[in-house]
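Q:
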Amino acid sequence: MIGLGKLTRKLFGSSNDRYVRGLKATVEAINTKEPALQALSDEALAARTQEFRDRLKKGETLDDILIDAFATVREAAHRVLGQRHYDVQLIGGIILHQGKITEMKTGEGKTLVATLATYLNAIEGKGVHVVTVNDYLARRDSDWMGRVYRFLGLTVGVVVPGVDDLRRKEAYACDITYATNNELGFDYLRDNMKYSREMLVQRAFNFAVVDEVDSILIDEARTPLIISGPSEDKSELYAAVDVIIPKLVAGDYDLDEKSRQVTLTEDGTEHAERLLEATGVLHGSNLYDSENVAVVHHLNQALKAHKLFQLDRDYIVKDDKLIIIDEFTGRMMDGRRYSEGLHQALEAKEHVEIQPENQTLASITFQNYFRLYPKLAGMTGTAATEATEFADIYGLGVIEVPTHVQIQRIDDHDEVYRTDEEKTNAIITLIEDAQKRGQPVLVGTVSIEKSEYLAEKLKKRGIVHNVLNARYHEQEAYIISQAGRSDAITIATNMAGRGTDIQLGGNVDMRIANETADITDEAAREKRIAEIHAEVAVDRQRVLKAGGLFVIGTERHESRRIDNQLRGRSGRQGDPGRSKFFLSLQDDLMRIFGSERMDGMLVKLGLEDGEAIIHPWINRAIEKAQEKVEARNYEVRKNLLKYDNVMNDQRKVIYEQRREIMDAPEVAETITDMRYEVIEALVAAHIPARSYPEQWNAVGLDAEVERVFSLGLPVKDWAQEEGVDETIVRERLHDHANRKMAERAANFGPETLRSVEKTILLQSLDQHWKEHLSHLDALRQVVGLRAYAQRDPLNEYRTEAFTMFESMLAHVRDQVTLLLAHVQLAPQFMPSELEEPDLNQFHPQHIDPLTGENDALPVFETGLDPNDPATWAHVPRNAPCPCGSGKKFKHCHGAM
Numbered sequence: 005m006i007g008l009g010k011l012t013r014k015l016f017g018s019s020n021d022r023y024v025r026g027l028k029a030t031v032e033a034i035n036t037k038e039p040a041l042q043a044l045s046d047e048a049l050a051a052r053t054q055e056f057r058d059r060l061k062k063g064e065t066l067d068d069i070l071i072d073a074f075a076t077v078r079e080a081a082h083r084v085l086g087q088r089h090y091d092v093q094l095i096g097g098i099i100l101h102q103g104k105i106t107e108m109k110t111g112e113g114k115t116l117v118a119t120l121a122t123y124l125n126a127i128e129g130k131g132v133h134v135v136t137v138n139d140y141l142a143r144r145d146s147d148w149m150g151r152v153y154r155f156l157g158l159t160v161g162v163v164v165p166g167v168d169d170l171r172r173k174e175a176y177a178c179d180i181t182y183a184t185n186n187e188l189g190f191d192y193l194r195d196n197m198k199y200s201r202e203m204l205v206q207r208a209f210n211f212a213v214v215d216e217v218d219s220i221l222i223d224e225a226r227t228p229l230i231i232s233g234p235s236e237d238k239s240e241l242y243a244a245v246d247v248i249i250p251k252l253v254a255g256d257y258d259l260d261e262k263s264r265q266v267t268l269t270e271d272g273t274e275h276a277e278r279l280l281e282a283t284g285v286l287h288g289s290n291l292y293d294s295e296n297v298a299v300v301h302h303l304n305q306a307l308k309a310h311k312l313f314q315l316d317r318d319y320i321v322k323d324d325k326l327i328i329i330d331e332f333t334g335r336m337m338d339g340r341r342y343s344e345g346l347h348q349a350l351e352a353k354e355h356v357e358i359q360p361e362n363q364t365l366a367s368i369t370f371q372n373y374f375r376l377y378p379k380l381a382g383m384t385g386t387a388a389t390e391a392t393e394f395a396d397i398y399g400l401g402v403i404e405v406p407t408h409v410q411i412q413r414i415d416d417h418d419e420v421y422r423t424d425e426e427k428t429n430a431i432i433t434l435i436e437d438a439q440k441r442g443q444p445v446l447v448g449t450v451s452i453e454k455s456e457y458l459a460e461k462l463k464k465r466g467i468v469h470n471v472l473n474a475r476y477h478e479q480e481a482y483i484i485s486q487a488g489r490s491d492a493i494t495i496a497t498n499m500a501g502r503g504t505d506i507q508l509g510g511n512v513d514m515r516i517a518n519e520t521a522d523i524t525d526e527a528a529r530e531k532r533i534a535e536i537h538a539e540v541a542v543d544r545q546r547v548l549k550a551g552g553l554f555v556i557g558t559e560r561h562e563s564r565r566i567d568n569q570l571r572g573r574s575g576r577q578g579d580p581g582r583s584k585f586f587l588s589l590q591d592d593l594m595r596i597f598g599s600e601r602m603d604g605m606l607v608k609l610g611l612e613d614g615e616a617i618i619h620p621w622i623n624r625a626i627e628k629a630q631e632k633v634e635a636r637n638y639e640v641r642k643n644l645l646k647y648d649n650v651m652n653d654q655r656k657v658i659y660e661q662r663r664e665i666m667d668a669p670e671v672a673e674t675i676t677d678m679r680y681e682v683i684e685a686l687v688a689a690h691i692p693a694r695s696y697p698e699q700w701n702a703v704g705l706d707a708e709v710e711r712v713f714s715l716g717l718p719v720k721d722w723a724q725e726e727g728v729d730e731t732i733v734r735e736r737l738h739d740h741a742n743r744k745m746a747e748r749a750a751n752f753g754p755e756t757l758r759s760v761e762k763t764i765l766l767q768s769l770d771q772h773w774k775e776h777l778s779h780l781d782a783l784r785q786v787v788g789l790r791a792y793a794q795r796d797p798l799n800e801y802r803t804e805a806f807t808m809f810e811s812m813l814a815h816v817r818d819q820v821t822l823l824l825a826h827v828q829l830a831p832q833f834m835p836s837e838l839e840e841p842d843l844n845q846f847h848p849q850h851i852d853p854l855t856g857e858n859d860a861l862p863v864f865e866t867g868l869d870p871n872d873p874a875t876w877a878h879v880p881r882n883a884p885c886p887c888g889s890g891k892k893f894k895h896c897h898g899a900m
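One rule links them: number in this note's numbering = place in the sequence shown (from 1) + 4.
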């Protein structure tokens, strides 16, 4: 019997179908404009941009010019790139312009779709940010799609690591700016650490189009962006604590893989205390004495490092450095560091050089960063599974756009085996079978360890293959581009956000670039190019006959999206294809979600070695398990956001205050108000309301006034005077303090004093904000314990954070007032000397609250000169070379 909901959808279509159908009239209107635009000259077509701007000035809206603008972009793309937008791509562009997420399958041309909404919104001149998942895509797309924008008279900029502040500012001033999510977020934080408006690189937020929106706004949203500075070195303590962990036995700790937690038991605590006493690290004999707080923290991190994190799965060791492996893409994240001492604990475990920890100076989550944009849109191949989160957190709807050509890929049911060995043998048998038919195979694994294990097995069988994981990511783009050739067996560690389509028969352009680079004779080069075209055409037919690309998943990922991304590599643009996932009861997902009961049941049912279970029910059960993990991860992100919202409200106040201070020609009025508030607080603290002079703490007030203002006033004698009350005391202090500041202004010169006032105010605000962030972090770590007292941790955090914020502002007032009353200036002092902080010592980081990962990106000196290597400071090996060659530093000026 068909349910009412299913019957309604069958008759009228889903709400998504109805939405897409509603856009078809607009698409038809765009299509009717095509013949007239085809008749225009290049100059006349480009001149339409100014026409649109004139129409906007006369009161029309972006929606009013959408049809004409989209038709213009389509024609420009056809002339410049040789690519004409399909109707479904026009639908995708309209959805982006409406501030929603466009879900389009892999190979449907999302990069081209973005040009429509980007161009339309860039016409206003307020700036559009196109956000990519990595620097390669930012550069590629700004150059590739930038040809269309520049043809139409718009300016295009790109922001990647290694670009100095001057070029960043120019890039952000362009009509369209391509950048990664990390670069955008860190530039926002760095801008709010500068002391003058002229030094800011970003302008007001307007509209952002986020590519791979699920990767950036969901996966990466677990990791707040942080800018930090160096703190004291504790490498000896890490090494000392690390020595005792291997001596702990199984009963000394509880390990929970599902929640990725490990804790000492009571016996374990006693055992650890005896071991630490022997090393001389412990103060006294009790691990939980107040002076051992740091030791407890390092012990817990060392325990995590040894029991939860594995070499070649979570990280690798290369060139005496510990490098994290990205769990979503399988790439090496050179420069990324785990937070809160975990990275140092791992360095101690692997006996590599221990780098010092850092202190937080500024931070923001991606949720709160991207909500700064008045209008936000995104595109991806897999967003529907996270539609609830996109709606709840970002207010973004998800619309699925139908494919240009119907998908021909066959998705087989999962095969479940009892053991890893049986599963691997079945995978290898299937690979051999596909290879005999000339069918290319893409094998997706979840870790480096698993990919290398499978590669070793294939090698023993004599099966030629390519391995794509964090160890070999330099050849990444080429390996992926040729994974559709008939002889290709490619093993890849996760396939999210790779940015390269797998074309059946191989990618012609990549082969030409790779195979003709060394041919200098033009005739020989043209001949080789023709041969490559012919070879690819023949091979494509062979692959089509064999059934297209076969995608094999070696296990299910925690997230259905990652599985769908792998599956989506096959069957692009109506090509045939096939996909199949193999599982065993020893896989992490199956093991954590109760495979023991299933194993016992299968033994009873008589399942033989090498035999698999294949049934739609199994698929549904696995999906349910994945949904549980996804729901748990969503709760983690939502909880993180609730706490960050508290900090975000305070962050907005501080950053807004900083901008006002920077923009103000002088801050004398603010300084005077602060001085009055300090005096009010001093008087209130020492003279109770409506009290007699004999009840005053006149001696204490005298000492405090001298400490803060250094006025040399006989405040304690005032209490003996007839008729003196708190109002008179307050007025006298105001009067004397004002006179002293007037004298200082006369001595220093008004201009100098104004500059000093502004600088001291900004420096004090920054210093106390940095300390406040540290205090909030500490509060966040312990406030959860309040739940044991039946108090809501979030409410407790909110209340205490507000009290701490008020206290911070009071401390800023006190410090600014005290410093200005005592500051001495050398005769040769110039105001500009105090204007800018040194940002070179700061380190951007990206911390994961679940795993503790830090995504640290390279910071370059603002005075970097591409022609002078002496100005380049510390360039990471995998960063672009500052000389501008386009090569990585290690392949250019950093070559050994």
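Ideal Cβ positions, reconstructed from N, Cα and C, are used throughout, including at glycine.
Between which residues of its own chain and Asn20 is the CB-CB distance below 8 Å, once the five residues before and five after are set aside?
A: By 1-based counting over the sequence shown, the position of residue 20 is 16. Same-chain partners within the cutoff: Ile403 and Glu404.
Q: Looking at the strands, I want to know which residues DSSP matches up with Gly4.
A: With the chain represented from 5 up to 900, any question about residue 4 goes unanswered, as that position is not in the structure.
Q: With three or more C-beta pairs closer than 8 Å as the rule, is the stretch 447-455 touching the stretch 641-654?
A: Contact between the stretch 641-654 and the stretch 447-455 is absent, because fewer than three Cβ pairs lie under 8 Å.
Q: Keeping to the same chain, check which residues put their C-beta closer than 7 Å to that of Gly704; ignore five residues upstream and five downstream.
A: Within the sequence shown, numbered from 1, the residue matching residue 704 stands at position 700. For Gly704, where only same-chain residues beyond five positions count, the Cβ hits under 7 Å are His690.
Q: Is the separation between the beta-carbon of Leu593 and that of Arg624 shorter than 7 Å?
A: Position 589 of the sequence shown, counted from the start, is the residue given in the question as residue 593. Position 620 of the sequence shown, counted from the start, is the residue given in the question as residue 624. No, Cβ-Cβ distance for Leu593 and Arg624 is not below 7 Å.
Q: Would you check if the distance between the CB atom of Ile506 and the CB atom of Arg573 is smaller than 7 Å?
A: Position 502 of the sequence shown, counted from the start, is the residue given in the question as residue 506. Position 569 of the sequence shown, counted from the start, is the residue given in the question as residue 573. For Ile506 and Arg573, yes; Cβs fall inside 7 Å.
Q: If Asp195 and Thr386 are in contact, beta carbons under 8 Å, what's the gap, nearest whole angstrom?
A: As a first step, residue 195 is located in the sequence shown; it is residue number 191 there, counting from the start. As a first step, residue 386 is located in the sequence shown; it is residue number 382 there, counting from the start. Incorrect: roughly 33 Å between the Cβ atoms, too far for contact.
Q: Could you give the first and the last residue of the continuous beta strand (DSSP E) run that contains Met383?
A: Your numbering for residue 383 matches position 379 in the sequence shown. Lys379 to Thr384 is the span of the beta strand (DSSP E), which, as asked, contains Met383.
Q: Taking the CB atoms as reference points, tell me whether Gly448 and Gly334 lie closer together than 7 Å.
A: Numbered from 1 along the sequence shown, position 444 holds the residue referred to as residue 448. Numbered from 1 along the sequence shown, position 330 holds the residue referred to as residue 334. Contact: no.
Q: Is Gln410 buried or exposed, if buried means 16 or more other CB atoms sit within 10 Å of its CB?
A: Reading the sequence shown from its first residue, position 406 is the one you call residue 410. That one is exposed.
Q: Helix, strand or coil for Ser19, going by three-state DSSP, please let me know.
A: Residue mapping note: residue 19 aligns to position 15 of the sequence shown, counting from 1. DSSP places Ser19 in helix when its eight states are reduced to three.
Q: Ile732: buried (16+ other C-beta within 10 angstroms of its C-beta) or exposed?
A: Indexing the sequence shown from 1 puts residue 732 at position 728. Exposed, by the Cβ-count rule.
Q: If I measure Cβ to Cβ from Ser18 and keep anything under 7 Å in the same chain, skipping five residues before and after, which residues do I get?
A: Reading the sequence shown from its first residue, position 14 is the one you call residue 18. Excluding sequence neighbours, Ser18 sits near nothing in its chain.
Q: Can you find at least 3 beta carbon pairs, one from the stretch 91-101 and one from the stretch 137-149, that sit closer than 8 Å?
A: No, they do not touch.
Q: Rounded to whole angstroms, what is the Cα-Cα separation between Phe209 and Lys379?
A: By one-based count along the sequence shown, residue 209 stands at place 205. By one-based count along the sequence shown, residue 379 stands at place 375. Approximately 9 Å between the Cα atoms of the pair.
Q: Between the C-alpha atoms of Ala309 and Leu229, what's the straight-line distance to the nearest angstrom?
A: Here residue 309 refers to the residue found at position 305 of the sequence shown. Here residue 229 refers to the residue found at position 225 of the sequence shown. Between Ala309 and Leu229, the C-alpha separation is close to 23 Å.
Q: Can you find the residues in the same chain that come closer than 8 Å, C-beta to C-beta, to Leu350, ignoring five residues on each side of it along the sequence?
A: As a position in the sequence shown, residue 350 is number 346, starting the count at 1. Taken in chain order, the residues that qualify are Ala309, Phe313, Tyr319, Leu326 and Tyr342.
Q: Under a three-way DSSP split, which group does Lys440 fall into?
A: Along the sequence shown, one-based indexing puts residue 440 at 436. The answer is helix: DSSP assigns Lys440 an H, G or I state.
Q: Please tell me whether Gln443 and Ala550 are closer than 7 Å, where the distance is taken between their beta carbons.
A: For the purposes of this step, residue 443 is identified with residue 439 of the sequence shown, where counting begins at 1. For the purposes of this step, residue 550 is identified with residue 546 of the sequence shown, where counting begins at 1. The answer is yes: Cβ separation under 7 Å.
Q: Among residues of its own chain, excluding the 5 on either side of Ile905, which ones have a beta-carbon nearer than 6 Å to its beta-carbon?
A: In the structure as shown, the chain starts at 5 and stops at 900, and residue 905 therefore has no counterpart that could be examined.
Q: Quick check on DSSP: helix, strand or coil for Arg595?
A: Indexing the sequence shown from 1 puts residue 595 at position 591. DSSP places Arg595 in helix when its eight states are reduced to three.
Q: Quick one, which of Thr821, Gly111, Leu116 and Asp72 has its alpha-carbon nearest Ile127's?
A: Indexing the sequence shown from 1 puts residue 127 at position 123. When only C-alpha atoms are compared, the closest one is Asp72.
Q: Where DSSP assigns a beta bridge to Asn470, which residues make up the other side?
A: Position 466 of the sequence shown holds residue 470. DSSP, once it has assigned bridges, lists Thr494 as partnering Asn470.
Q: Measuring only the C-alpha atoms, how far is Val902 from Leu315?
A: Past the edges of the chain, shown from 5 to 900, lies residue 902, and the structure says nothing about it.
Q: Between which residues of its own chain and Val633 is the CB-CB distance below 6 Å, once the five residues before and five after are set aside?
A: Working through the sequence shown from its first residue, we reach residue 633 at position 629. Excluding positions up to five away in sequence, the list reads Glu562.
Q: How far does the alpha helix (DSSP H) with Gly97 in it reach, from first residue to last?
A: Here residue 97 corresponds to residue number 93 of the sequence shown, with the count starting at 1. Gly97 -> alpha helix (DSSP H) spans Asp91 to His101.
Q: Starting from the N-terminal side, write out each stretch of the alpha helix (DSSP H) that is 4 residues or longer and does not extend beyond the stretch 124-199.
A: Complete alpha helix (DSSP H) runs here, min 4: 139-148, 150-155, 169-176 and 185-195.
Q: If you reduce the DSSP assignment to three classes, tell me which class Ala723 lands in.
A: The residue given as residue 723 occupies position 719 in the sequence shown. Residue state, collapsed to three classes: coil.
Q: My output table needs one value for Ala527: the three-state DSSP class, helix, strand or coil.
A: For the purposes of this step, residue 527 is taken as residue 523 along the sequence shown, with counting starting at 1. It is helical.
Q: Rank Leu156, Thr273, Asp223 and Ile675 by C-alpha distance to the C-alpha of Arg57 and give the top, closest one.
A: As a first step, residue 57 must be located in the sequence shown, where it is residue number 53. Measuring from the Cα of Arg57, the nearest candidate turns out to be Leu156.
Q: In three-state terms, what does DSSP make of Ile414?
A: As a working mapping, residue 414 is identified with position 410 in the sequence shown. Ile414 falls in the strand class under three-state DSSP.
Q: Any idea what DSSP makes of Ile403, helix, strand or coil?
A: Position 399 of the sequence shown, counted from the first residue, corresponds to residue 403. Note: Ile403 maps to strand in three-state DSSP.
Q: Starting from Ile358 and walking both ways along the beta strand (DSSP E), at which residues does that stretch end?
A: In the sequence shown, the residue the question calls residue 358 occupies position 354. Per DSSP, Ile358 belongs to no beta strand (DSSP E) and is neither H nor E.
Q: Ignore the nearest five residues each way along the sequence and tell me which others in Ile516's own chain have a CB closer than 7 Å to its CB.
A: If you number the sequence shown from 1, residue 516 lands on position 512. Excluding residues within five positions, the ones whose Cβ falls inside 7 Å are Ile533 and Ile536.
Q: Helix, strand or coil for Lys109 per DSSP?
A: Counting from one through the sequence shown, the residue named residue 109 turns up at place 105. Three-state result, Lys109: coil.
Q: Less than 6 Å between C-beta atoms, sequence neighbours within five positions excluded: which residues of the same chain meet that for Ala749?
A: Along the sequence shown, one-based indexing puts residue 749 at 745. Excluding positions up to five away in sequence, the list reads Leu757.
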